[in-house]
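In terms of the UniProt record's numbering, the sequence shown opens at residue 1 and continues consecutively.
Below you'll find the structure, written out as structure tokens, and then a few comments.
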Amino acid sequence: MTTSFSEQPSMPVTAVAADYPNGHVIPAHRHDLAQLLYAIEGVLVIETAEGRWVVPPSRGVWLMAGIDHTVRMRGAARIRSILVQPDVLPGLPDKDCVIEVSPLLRELLLAATQVKGHYQPDSRDARLMRFILDELAALPVLPFNLPWPADARIARVCQMLVNEPAETKKAEDWAALLAMSVKTFHRQFLKETGVTFGRWRQQSRLLLSLECLALGQSVLEVALQHGYDSQSAFAAAFKKQFGISPSGFYR
């Protein structure tokens with residue numbers, strides 16, 4: 001481990017680096033600064049009260065200042081990240097989200113972690129940090145978020161689906177478990193998560209599958225573990241969601 005994410009830098013942008021073993025968990029904490037978390041190796045699972053993000057290599061998660069979050073490593077993780085003073089640049093993301101990390105941004109982040117101590121406003125290091133923010137503001141937001149309900153009843157269903165992604169119970173079964181009508185269950189689920197029950201379950205399965213793929217499990221094994229009848233069905237859903245095949249995702 002090379003540094004701590006608990007540091008609170010006085011500069012507008014500060015880069016940090018840390019290496020963690022598989023399974024390591026950074027307990028719930030918050031920063032007074034916005035943060036871009038990015039792993040050049042490994043998968044990060046980041047949880048807040050409002051959602052869960054699964055972040056593979058070539059993606060990063062942007063967290064607003066003051067957000068309580070935990071970070072869990074799937075596979076050995078090498079994190080290269082930045083902490084950003086609030087309102088340092090217009091156009092940065094205004095909500096927690098996952099972004100594409102372009103090859104350019106990746107190299108900029110690697111270079112930024114070599115910057116030591118304070119830097120002068122008009123120095124090469126300051127321009128490097130500003131370039132990172134310009135690139136960050138231009139990159140697209142990606143569908144790697146799993147919204148989490150505040151309602152304890154709906155959250156109970158969601159937690160069971162996360163624990164058992166191959167679970168095949170239908171909405172009717174979950175509604176009966178919660179002693180509510182199917183119509184009420186669908187309405188409450190959509191209200192709490194912003195997406196339908198079917199869409200949430202599929203996104204949950206696909207995001208969870210990223211963690212298993214990161215650990216080197218075969219595509220077929222991952223497909224069956226996550227509720228798909230075949231490798232081809234899983235690959236089709238995966239490519240529709242992420243724009244690439246499961247086998248090509250970590251290359």
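Here a beta-carbon is modelled for each residue, glycine too, at the ideal position from N, C-alpha and C.
Legend entry - Meets three-Cβ-pair contact criterion under 8 Å: the region 91-102 and the region 141-161: yes
Inset, instruction - Grab me the residues of Met64's own chain with a C-beta within less than 7 Å of its C-beta, minus the 5 sequence neighbours each way, in chain order. - result: Ala34, Lys95 and Asp96
Inset, instruction - Only counting runs of 3 or more residues, tell me where the beta strand (DSSP E) segments fall wholly within the region 37-62, in order along the chain. - result: 51-55
Inset, instruction - Would you mind sorting Thr196 into buried or exposed? The rule is 16 or more other CB atoms within 10 Å of its CB. - result: exposed
Inset, instruction - Could you pull out every unbroken beta strand (DSSP E) segment of at least 3 residues lying fully inside the region 107-143, listed in chain order? - result: none
Inset, instruction - Please list, in chain order, all residues of the same chain as Ser204 whose beta carbon is under 8 Å from its beta carbon, the five residues on each side excluded. - result: Leu146, Cys158, Leu161, Val162 and Pro165
Inset, instruction - Could you give the DSSP three-state label for His29: helix, strand or coil? - result: strand
Inset, instruction - Thinking Glu41 and Arg78 are a contact (beta carbons under 8 Å), I'd like their distance in whole angstroms, please. - result: 5 Å
Inset, instruction - Would you decide whether Ser209 is buried or exposed? Buried here means 16 or more other CB atoms lie within 10 Å of its CB. - result: buried
Inset, instruction - In angstroms with no decimal places, state the Cα-to-Cα distance between residue 296 and Lys240. - result: Look at the range of the chain in this structure, 1 to 251, and you will see that residue 296 is not part of it.
Inset, instruction - For Pro185, I'd like the list of residues in its chain whose CB is within less than 7 Å of its CB, leaving aside the five on either flank, ordered along the chain. - result: First, the residue type needs correcting, since residue 185 is Phe and not Pro in the sequence shown. The answer, listed in chain order, is Ala171, Trp174, Ala175 and Leu178.
Legend entry - Ala137 to Ser245 span [Cα, whole Å]: 27 Å
Inset, instruction - Tell me, please, which residues DSSP counts as bridged to Ala179. - result: Partner(s): none; Ala179 has no beta bridge.
Legend entry - C-alpha distance - Ala49 paired with Asp68, whole-angstrom precision: 8 Å
Legend entry - Selected residue, minimal CA-CA separation from Val71, among His29, Leu215 and Gly117: His29
Legend entry - Test item: CB-CB of Pro93 and Trp62 under 7 Å: yes
Legend entry - Enclosing beta strand (DSSP E) for Glu221 [first to last residue]: Counting along the chain, Glu221 falls outside any beta strand (DSSP E), though it belongs to the alpha helix (DSSP H) covering Val219 to Gln225.
Inset, instruction - Helix, strand or coil for Met160, going by three-state DSSP, please let me know. - result: helix
Inset, instruction - Please classify Ala152: is it buried, with 16 or more other beta-carbons within 10 angstroms of its beta-carbon, or exposed? - result: exposed
Legend entry - Limits of the unbroken alpha helix (DSSP H) element including Ala235: Gln231 to Phe242
Inset, instruction - Note down, in chain order, each residue of its chain lying with its Cβ closer than 6 Å to the Cβ of Phe234, except the 5 sequence neighbours on either side. - result: Ala223 and Tyr228
Inset, instruction - Mind checking which residues open and close the beta strand (DSSP E) that includes Ser81? - result: His69 to Val84
Inset, instruction - Indicate whether Leu108 and Ser81 have their beta-carbon atoms separated by less than 7 Å. - result: no
Inset, instruction - Rank Leu220, Ala214 and Ala155 by C-alpha distance to the C-alpha of Leu190 and give the top, closest one. - result: Ala155
Inset, instruction - Would you list the residues sitting across from Cys97 in a DSSP beta bridge? - result: Trp62
Inset, instruction - State the start and end residues of the unbroken alpha helix (DSSP H) segment that holds Leu207. - result: Phe197 to Ala214
Inset, instruction - For Thr14, name the three-state secondary structure that DSSP assigns. - result: strand
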